[in-house]
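If you read the sequences in order, they're chains S and A.
Residue numbers for the first sequence follow this note's numbering, beginning at 1 and rising by one.
Residue numbers for the second sequence follow this note's numbering, beginning at 1001 and rising by one.
Glycine residues also receive a C-beta, built at the ideal position from the N, C-alpha and C atoms.
What follows is a single structure, written as structure tokens, with notes after it.
Number of protein chains: 2
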Amino acid sequence: MVRGALKALLELEEDFRVVGDVATAEEALALLQRQPVDVLICDIELPGVSGLSLAETVQRRWPDCRRVIVTTFNRGGYIRRAVDLGVDAFLLKDAPSEQLADAIRRAAAGRRTLDPELMLDALGETDPLTTKERRALQLAAEGCNTAGIADRLCLSEGTVRNYLSGAIGKLGAHNRIEAARIARQKGWLY
Amino acid sequence: MVRGALKALLELEEDFRVVGDVATAEEALALLQRQPVDVLICDIELPGVSGLSLAETVQRRWPDCRRVIVTTFNRGGYIRRAVDLGVDAFLLKDAPSEQLADAIRRAAAGRRTLDPELMLDALGETDPLTTKERRALQLAAEGCNTAGIADRLCLSEGTVRNYLSGAIGKLGAHNRIEAARIARQKGWLY
DNA sequence: AGTTTGCAGTGACATTTGTCATCGCTGCTT
DNA sequence: AAGCAGCGATGACAAATGTCACTGCAAACT
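Structure, rendered in structure tokens:
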């Protein structure tokens, strides 16, 4: 439905032509093989292959295709990866809808659109978690207790508690629940 | 952006007129006071007051206004509440976009649109939580500790622990984190 | 060899969380 | 008035969690 609505929105602009719309990254690649595309617009959270992976593949195989990413959540980790992949625009879905058309026009003209405010989110804070801390927090967020986490990570309970304690400290949280919430909100889980 | 796109989509239909679009439930109520509205379309997960609460208020104060709910997540509890509130249509955002226009026309004509498949999810399990248990779980899910929850709910810490214990037991969880996860997934937190 | 570094583990301790039986109060019900 | 739900509180206890100082060990310098 969102895709259909965005299509309607873009077709209102007379300098745009929507050459296709599909549900998944795989279908998008198939479409790109059938016909040339000036600008690709995609979400990040897709079923199966993520929009960021799609952007990476498109860059490699169709370097002339501009890439615009539109996503729901402002997670610092997302925009950071998007910048690393050299995407042409990165927008949040709750931005005013005119911004999308603007970003597409700028992308087609070879200019990039990266909201300075979002960039600050991305650059301001670097993910402070170690891989182990992240894995432990992920499991804690799913409701695993210390023993369960130790089991899944093949560590002792004490070590798990040490990792979680480290994560709690780094994130300025007061317990593992709050730590998980903060990390997820920043895009530091997964 | 999604709102803008849906607006564009609906304005393509020549029998519709979009009389306004707003970001929050509060703004929607303000708009309803300013002018009559035939059909209200809203999401559930909004900043602040939820779309389901909005639907309830609208039913009470503007019983002639039809209510269409469009949401991202298929949580059993959502559609159940929607049905209880007498909502006129309940759609998922990943449904094809034509369904929205159809549902709106049917709602305006006094007919209800409730996907049979979604209904099955709703009838499967009933929300076992009391209001207090739910409020306590919500706050726990946000990372509040027992003292913080007690503070916000104006209860003693012991009582909060009793409520959480009840919720944990009813949901078959082993701790408050898991209980919150289960309740959220079922749509029992709102 | 000796040193450093980083990871995993241990032990001890305070705090928080989960559970349960029980109490006091209020507002019914009859 | 006596009885009785329902709600919130309390106290006590076991279990889980959070913190920290410290050990052991192997890989990587020098």
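Answer with yes or no whether the minimum CB distance from residue 1001 of chain A to chain S is below 8 angstroms.
By this cut-off, residue 1001 of chain A is an interface position.
Looking at C-beta atoms only, is the number of pairs between the region 1039 to 1047 of chain A and the region 1060 to 1068 of chain A that lie closer than 8 angstroms three or more?
Touching, yes, given that three or more Cβ pairs across the two stretches are closer than 8 angstroms.
Run through chain S and tell me which residues come within less than 8 angstroms of residue 1096 of chain A, C-beta to C-beta.
Correct list: 1 and 4.
Return the residue from the list S:173, S:177 and S:57 that minimises the CA-CA distance to residue 32 of chain S.
Distances from the alpha-carbon of residue 32 of chain S to those of S:173, S:177 and S:57 put S:57 closest.
Answer yes or no: do residue 1175 of chain A and residue 143 of chain S have a C-beta to C-beta separation smaller than 8 angstroms?
Their beta carbons are under 8 angstroms apart, which means residue 1175 of chain A touches residue 143 of chain S by this criterion.
Hey, how far is the Cα of residue 1192 of chain A from the Cα of residue 1028 of chain A?
Not covered by the structure: residue 1192 of chain A. The range shown for chain A is 1001 to 1190.
Exposed or buried, residue 1158 of chain A, counting other C-beta atoms within 10 Å across all chains shown (16 or more means buried)?
Its Cβ having fewer than 16 others within 10 Å, residue 1158 of chain A is exposed.
Contacts of residue 173 of chain S in chain A (Cβ-Cβ under 7 angstroms)
Per Cβ cutoff of 7 angstroms: 1143.
Going along chain A in order, which residues have a C-beta closer than 9 angstroms to the C-beta of residue 100 of chain S?
Those are 1001, 1004 and 1005, listed as they occur along chain A.
What whole-angstrom Cβ distance do residue 242 of chain S and residue 1005 of chain A have, given they're in contact under 8 angstroms?
Limits of chain S in this structure are 1 at one end and 190 at the other, which puts residue 242 of chain S out of reach.
In three-state DSSP terms, what is residue 24 of chain S?
Note: residue 24 of chain S maps to coil in three-state DSSP.
Which residues share a DSSP beta bridge with residue 1092 of chain A?
Residue 1092 of chain A is bridged to A:1071.
Distance between residue 181 of chain S and residue 1153 of chain A (C-alpha atoms, nearest Å):
Rounded to the nearest angstrom, the two C-alpha atoms are 21 angstroms apart.
Give me the Cβ distance between residue 140 of chain S and residue 155 of chain S, rounded to the nearest whole Å; I'm assuming they're in contact under 8 angstroms.
In this structure residue 140 of chain S does not touch residue 155 of chain S by the C-beta definition: roughly 13 angstroms separates them, more than the 8 angstroms allowed.
Out of curiosity, what's the CA-to-CA distance linking residue 83 of chain S and residue 93 of chain S?
The alpha-carbon atoms of residue 83 of chain S and residue 93 of chain S are separated by roughly 18 angstroms.
Which ranges would you report for the beta strand (DSSP E) in the region 1033 to 1061 of chain A if only whole runs of at least 3 residues count?
If one requires a minimum length of 3 residues, the beta strand (DSSP E) runs lying completely within the region 1033 to 1061 of chain A are 1039 to 1042, in chain order.
What is the C-beta distance between residue 24 of chain S and residue 45 of chain S, in whole angstroms, given that I count them as a contact (C-beta under 8 angstroms)?
Their Cβ separation, rounded to whole angstroms, is 12 angstroms, which puts residue 24 of chain S and residue 45 of chain S out of contact at 8 angstroms.
Residues of chain A with CB under 7 angstroms from residue 93 of chain S, in chain order?
What residue 93 of chain S touches in chain A: 1001 and 1002.
Express the C-alpha separation of residue 1088 of chain A and residue 1109 of chain A in angstroms, rounding to a whole number.
A direct Cα-to-Cα measurement between residue 1109 of chain A and residue 1088 of chain A gives close to 10 angstroms.
Whose Cβ in chain A lies nearer than 7 angstroms to the Cβ of residue 181 of chain S?
The contacting residues are 1142 and 1143.
Starting from residue 1163 of chain A and walking both ways along the alpha helix (DSSP H), at which residues does that stretch end?
From DSSP, the alpha helix (DSSP H) with residue 1163 of chain A extends over 1157 to 1171.
Residues of chain A with CB under 7 angstroms from residue 133 of chain S, in chain order?
Within chain A, no residue comes near residue 133 of chain S; the closest Cβ sits about 17 angstroms away, beyond 7 angstroms.
Taking Cβ to Cβ, would you say residue 81 of chain S is nearer than 8 angstroms to residue 52 of chain S?
Yes. Within cutoff.
Taking all protein chains shown into account, decide if residue 1137 of chain A is buried (16 or more other Cβ within 10 angstroms of its Cβ) or exposed.
Buried, because 16 or more other Cβ atoms sit within 10 Å of the Cβ of residue 1137 of chain A.
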